[in-house]
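>
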Amino acid sequence: MKFAYLKPWLILSSILFLVFVLLGDRFLPEPLGPASAQTRVTLNEFFIGLIPQWERKTNPYERTEEALEQEQSGGQAPAK
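As structure tokens, then:
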């Protein structure tokens, strides 16, 4: 394989990056610790941004609320 020498470096750099992001703010000195925390926040925001916001199309409690209103009004159906 032509680029076989890149595989160990890629694995090592990936592991070092994960350690930096996960544990860097606890163990690294001042300039690198906050950078690690900021990198983690940025990655979290990026991955959360990939998931679209889900909005309900219906009101799941609408039937229950209508039944409670009907019960409180003495059994008469609410006007719509």
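Residues 361 to 440 in our numbering are what the sequence shown spells out, letter by letter. The beta-carbon is built from N, C-alpha and C at its ideal position, and this holds for glycine as well. Keep in mind that this is a model prediction, so the values were computed, not measured.
In three-state DSSP terms, what is V400?
Strictly speaking, residue 400 in this sequence is Arg, with Val absent from that position. Residue state, collapsed to three classes: helix.
> Using only the alpha-carbon positions, how far apart do A397 and R386 sit?
When rounded, the distance between both Cα atoms is 9 Å.
> Suppose you measure from the CA of Q432 to the CA of N419; what does that come to, to the nearest Å?
When rounded, the distance between both Cα atoms is 21 Å.
> Going by DSSP, what residue range makes up the alpha helix (DSSP H) through A427?
Looking at the DSSP string, the run of the alpha helix (DSSP H) that includes A427 is 422 to 432.
> Rounded to whole angstroms, what's the CA-CA distance from L382 to I375? Just pull it up for me.
Using only the alpha carbons, I get a separation of about 11 Å.
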